[in-house]
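Asker: According to the working numbering, the stretch in the sequence shown is residues 83 to 675, in order.
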Amino acid sequence: MDIPSPPTLSRFSRTALHVCTVLIALIGIACIGASRRSFSGTFDESNHLATGLEWWQFGTYTLWTENPPLARVAVAALPYLHGMRLPAREQWEPKTHDWDRSWEIGTDLLYEGDGFETNLTRARLGTLPFFVVALFAVWGLAGGRRRPTAGLVAVALTATLPTLIAHGALATTDVAFAAMFLLAILTLLRWFERPTVPRALVLGTAVGLALLTKFSTLAFFPIAVVAVVGARRIAGASVRPSQGDFSLHWSRVAGHWGLALMAGFTVTWAGYGFSVGPMDALLPEVKGWLRILPPVSDRNGITGLLLRVPLPMPELFHGLRFLVAHDGVGHEAYLLGKTSEHGFLAFYPIALLVKTPLPFLALLVCSLPLLAHRRRTLWTAQAVALAAFGILLISLRSHVNLGIRHVFVLLPLLAVAVARVIDEKWMTCPAPGAKCLVAAGVVGALLLAQAGGAIAARKTQLGYFNALAGSDPATILLDSDLDWGQDLFALRQEAHARGIDTLKLAYFGTLRQCRHGLPALKGLEPGKATTGWIAISENYYRHRSTFLLLKDPCNPKSTYKDAEIPPLPFAWLQAHKPVAIAGSSLRLYHIVP
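1. Here's the rule: buried if 16 or more other CB atoms are within 10 angstroms of the residue's CB, otherwise exposed. What is D554?
2. Could you check whether the Cβ of A577 sits closer than 8 Å to any Cβ belonging to chain B?
3. At the level of alpha carbons, what is the spacing between R272 and V520?
4. Under the three-state reduction of DSSP, which class applies to L427: helix, strand or coil?
5. Please state the DSSP three-state secondary structure of G326.
6. Using only alpha-carbon positions, find the residue among I111, D634, S619 that is nearest to L603.
7. Here's the rule I'm using: 16 or more other beta-carbon atoms within 10 Å means buried, otherwise exposed. How should P494 be labelled?
8. Once you ignore the five residues that flank F429 on each side, which residues in its own chain have a CB closer than 7 Å to its CB?
9. Taking just the CA atoms, how far does E367 sit from L587?
10. Is the beta carbon of L492 less than 8 Å from the beta carbon of I473?
11. Starting from the Cα of T584, find the closest Cα among W615, R229, G599 and give me that residue.
12. Please list, in chain order, all residues of the same chain as A577 whose beta carbon is under 7 Å from its beta carbon, the five residues on each side excluded.
13. Does the Cβ-Cβ distance between V498 and A224 come in under 8 Å?
14. Excluding the 5 residues preceding and the 5 following F302 in the sequence, name in chain order all residues of the same chain whose CB lies nearer than 7 Å to its CB.
15. Mark G419 as exposed unless 16 or more other C-beta atoms lie within 10 angstroms of its C-beta, in which case mark it buried.
16. Can you name the residues that DSSP bridges to G614?
17. Please specify which runs of the alpha helix (DSSP H), each continuous and at least 4 residues long, are wholly inside the stretch 266-291, giving them in chain order.
18. Which word fits T438, buried or exposed, when buried means at least 16 other C-beta atoms lie within 10 angstroms of its C-beta?
19. How is the beta strand (DSSP E) around Y546 delimited, first residue to last?
20. Return yes when the Cβ of A116 is within less than 8 Å of the Cβ of R540, no when it is not.
21. Where L668 and A617 are concerned, what is the direct C-alpha to C-alpha distance, given to the nearest angstrom?
22. Along the chain, where does the beta strand (DSSP E) that runs through S422 open and close?
23. Starting from I476, trace the alpha helix (DSSP H) in both directions and tell me its first and last residue.
24. In the DSSP assignment, find the unbroken beta strand (DSSP E) run with I663 in it and report its ends.
25. Which of helix, strand or coil does DSSP assign to Y193?
26. In its own chain, which residues sit with a C-beta less than 7 Å from the C-beta of A241, not counting the 5 before and 5 after it?
27. Can you say whether V284 is buried or exposed, counting buried as having 16 or more other CB atoms within 10 angstroms of its CB?
28. If you drop the 5 nearest sequence neighbours on each side, which residues of the same chain put their C-beta closer than 8 Å to that of G359?
29. Bridge partners of T584, per DSSP?
30. What residues are listed by DSSP as bridge partners for G359?
31. Which residue marks the beginning of the alpha helix (DSSP H) containing Y622, and which one marks its end?
32. Can you pull the DSSP bridge partners for T641?
33. Report yes or no: do three or more beta-carbon pairs, one from the stretch 120-129 and one from the stretch 188-195, lie closer than 8 Å?
34. Could you have a look at E646 and say whether DSSP puts it in helix, strand or coil?
35. Quick check: what's the CA-CA separation for L630 versus A238?
36. Between the stretch 159-170 and the stretch 304-313, can you find at least three pairs of beta-carbon atoms closer than 8 Å?
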């Protein structure tokens with residue numbers, strides 16, 4: 083950001099590069115639109131909608147505090163403006179209802195008013211601005227204004243990431259966090275470039291917004307700070323001469339960071355509606371799963387005092403306890419055909435390896451040698467690369483492995499590092515340089531290949547895998563990387579095309595299955611071989627879970643009890659070959675008697 087752009091670029095070339103950057107961003111946005119129309123609804127969208135509506139309608143935030151409110155407020159904004167409302171509080175009060183009440187209410191609301199698809203589209207549009215902010219942030223991190231080549235490469239690599247596009251099409255929180263976190267790192271680098279009071283305040287505001295999207299900020303942002311400081315030390319970089327030697331003015335640094343902390347606190351508290359109250363007024367436990375607050379008999383001493391005393395934004399502190407408790411008990415995860423209640427150490431490395439486009443991986447591998455050099459002009463690239471590595475490293479110990487979405491913010495960071503390296507090599511190329519032209523052609527071809535892959539997968543982005551995953555990626559990953567309940571629309575299309583009149587269904591998701599124009603539905607009974615047309619979600623086929631398996635697909639309350647489900651209930655289907663895969667997650671069979 084503090085290095086001038088290459089003098090060889092004419093005004094026309096710079097303008098052309100900026101235009102190409104905008105065009106590739108628009109391709110990503112167009113792919114989001116196609117994905118948004120293709121996905122029927124994923125597991126957590128109804129929960130995010132309901133909790134966001136509580137914020138708008140009641141000015142409170144109690145339904146499910148494990149996620150902060152900003153992304154959910156954005157998701158619920160358009161539905162709220164179009165008249166969507168939660169029922170009376172006594173019908174969903176979290177302290178008196180089952181843990182999944184927010185999912186149930188959110189799902190019911192999607193089918194009211196203007197209808198499911200219209201309501202869902204309105205909710206999902208709340209995520210789109212965050213995708214745009216993410217692209218702006220990577221452009222800024224790459225120094226796109228002065229280095230348009232780097233800006234173009236960074237935006238191209240980010241805008242065409244299938245996993246980012248997929249979640250950018252959903253009413254969830256993950257792209258919102260990526261956007262706000264990238265913006266926070268951008269403001270951090272701006273402050274290091276020229277530390278002033280206004281920049282410190284902007285930095286604090288950006289970090290507060292990131293914290294309002296995910297609590298991961300508290301773990302990831304310190305890593306980014308250490309990475310930036312370390313990269314600058316290694317490169318010998320300092321602030322501009324007019325600002326003096328940054329390393330000698332610790333009192334000034336403390337003052338700026340104090341102001342940043344105040345700004346971040348104020349913004350975060352505003353996101354919680356400037357609420358004040360005790361934590362013990364909130365949900366004490368998720369019944370049958372985990373305890374968030376200690377039992378009343380154990381609330382003694384400092385612990386009891388902290389639970390009883392009124393605090394600013396108690397929902398935030400309650401949410402942190404919720405998150406820690408969730409990580410402590412773990413969550414059922416799946417990797418390489420195995421399941422675990424406490425995750426897998428190799429989960430994120432393997433997920434990133436098979437979910438990241440091969441052109442991206444190729445450019446990253448080619449960039450690594452230069453990233454290892456001690457070069458002043460590359461300190462930004464090294465900083466964001468170190469931050470990405472640190473985020474991956476700290477995430478390995480997580481006991482909640484529900485998908486690459488929890489760490490995919492590191493991919494835009496790596497895109498910035500790659501873009502900076504490519505631009506550096508271009509700047510040092512002798513003109514006209516046949517080798518440089520060939521290298522530029524290869525880079526261009528790889529970027530076009532990744533864009534083409536994103537366009538080709540525009541209707542199945544959530545289940546995208548690269549060629550390393552082979553022909554059956556469900557043997558590697560499931561959950562939000564492949565089967566998150568998103569393919570009822572694809573199943574409907576497949577059923578209509580084949581003239582199916584009756585379908586036995588085992589669907590993993592929260593939607594009302596009989597309200598989507600499917601054929602007459604019957605439940606696929608576990609442990610019992612049958613014939614006819616059968617559709618089954620990969621989560622059930624792979625025996626990862628029997629959660630939400632229904633006896634009657636038209637009755638969301640007709641779930642099986644554990645004692646009613648035999649081990650490996652659908653193993654008999656492995657002797658048959660599906661006639662089609664609807665979307666990327668629903669296997670369709672036709673078994674003749």
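Where is the CB? At the ideal position from N, CA and C, for every residue including glycine.
Given the structure is predicted, the values throughout are model-derived calculations rather than measurements.
Answerer: This is what the structure holds:
1. Taking the sequence shown and counting its residues from 1, one reaches residue 554 at position 472. When all chains shown are included, D554 counts as exposed.
2. Of the protein chains in the structure, only one exists, and it is not chain B.
3. As a working mapping, residue 272 is identified with position 190 in the sequence shown. As a working mapping, residue 520 is identified with position 438 in the sequence shown. The straight-line gap from Cα to Cα measures roughly 34 Å.
4. Stepping through the sequence shown from its first residue, residue 427 is reached at position 345. Coil at L427, not helix or strand.
5. As a working note, residue 326 is residue 244 in the sequence shown. Because G326 sits at a pLDDT of 44, beneath the cut-off of 50, its placement in the model cannot be relied upon, and the following sentence gives the value as read from the coordinates. If DSSP states are grouped into helix, strand and coil, G326 belongs with coil.
6. Position 521 of the sequence shown, counting from 1, holds the residue named residue 603. Nearest of I111, D634, S619 to L603, Cα basis: D634.
7. What you label residue 494 is simply residue 412 of the sequence shown in a count that begins at 1. Buried is the call here.
8. Numbered from 1 along the sequence shown, position 347 holds the residue referred to as residue 429. Same-chain partners within the cutoff: A415, L417, N483.
9. Position 505 of the sequence shown holds residue 587. Position 285 of the sequence shown holds residue 367. L587 and E367: Cα-Cα distance of roughly 33 Å.
10. Here residue 492 refers to the residue found at position 410 when the sequence shown is read from its first residue. Here residue 473 refers to the residue found at position 391 when the sequence shown is read from its first residue. Going by C-beta atoms, L492 is nearer than 8 Å to I473.
11. Within the sequence shown, numbered from 1, the residue matching residue 584 stands at position 502. Ranking the options by Cα distance to T584, first place goes to W615.
12. Indexing the sequence shown from 1 puts residue 577 at position 495. Cβ within range, chain order: L585, L600, P601.
13. Along the sequence shown, read from residue 1 onward, the residue named residue 498 stands at position 416. Along the sequence shown, read from residue 1 onward, the residue named residue 224 stands at position 142. Yes, they are a contact pair.
14. Sequence index remark: in the sequence shown, residue 302 carries index 220 (1-based). Hits under 7 Å: F263, I473.
15. To locate residue 419, count along the sequence shown from 1; it is residue 337. Exposed is the call here.
16. As a first step, residue 614 must be located in the sequence shown, where it is residue number 532. The partner list for G614 (beta bridge, DSSP) reads I673.
17. Within the stretch 266-291, no complete alpha helix (DSSP H) run reaches 4 residues.
18. Along the sequence shown, read from residue 1 onward, the residue named residue 438 stands at position 356. Classification of T438: buried, given that the 10 Å Cβ count is 16 or more.
19. In the sequence shown, residue 546 corresponds to position 464, counting from 1. Where Y546 is concerned, there is no enclosing beta strand (DSSP E), given that its DSSP letter is neither H nor E.
20. If you number the sequence shown from 1, residue 540 lands on position 458. If you number the sequence shown from 1, residue 116 lands on position 34. In contact: R540 and A116 (Cβ atoms closer than 8 Å).
21. In the sequence shown, residue 668 corresponds to position 586, counting from 1. In the sequence shown, residue 617 corresponds to position 535, counting from 1. Their backbone Cα atoms lie some 6 Å apart in a straight line.
22. In the sequence shown, residue 422 corresponds to position 340, counting from 1. First-last of the beta strand (DSSP E) with S422: 420-422.
23. Looking up residue 476 in the sequence shown gives position 394. Note, I476: alpha helix (DSSP H), 461-477.
24. Translated into positions along the sequence shown, residue 663 becomes position 581. Where I663 is concerned, the enclosing beta strand (DSSP E) starts and stops at 662-664.
25. Numbered from its first residue, the sequence shown carries residue 193 at position 111. Correct three-state label for Y193: coil.
26. To locate residue 241, count along the sequence shown from 1; it is residue 159. Here the set comprises I106, A107, I109, G110, L217.
27. Your numbering for residue 284 matches position 202 in the sequence shown. The residue is buried, with at least 16 neighbouring Cβ atoms inside 10 Å.
28. Within the sequence shown, numbered from 1, the residue matching residue 359 stands at position 277. The residues are P392, L393, P396.
29. Residue numbering aside, residue 584 sits at position 502 when the sequence shown is read from its first letter. The secondary-structure analysis by DSSP pairs T584 across a beta bridge with A602.
30. The residue labelled residue 359 in the question sits at position 277 within the sequence shown. According to DSSP, G359 bridges with L393.
31. As a working mapping, residue 622 is identified with position 540 in the sequence shown. First-last of the alpha helix (DSSP H) with Y622: 620-623.
32. In the sequence shown, counting from the first residue as 1, residue 641 sits at position 559. Partner(s): L632.
33. yes
34. Indexing the sequence shown from 1 puts residue 646 at position 564. E646 falls in the helix class under three-state DSSP.
35. The residue given as residue 630 occupies position 548 in the sequence shown. The residue given as residue 238 occupies position 156 in the sequence shown. Cα to Cα, L630 sits roughly 39 Å from A238.
36. no
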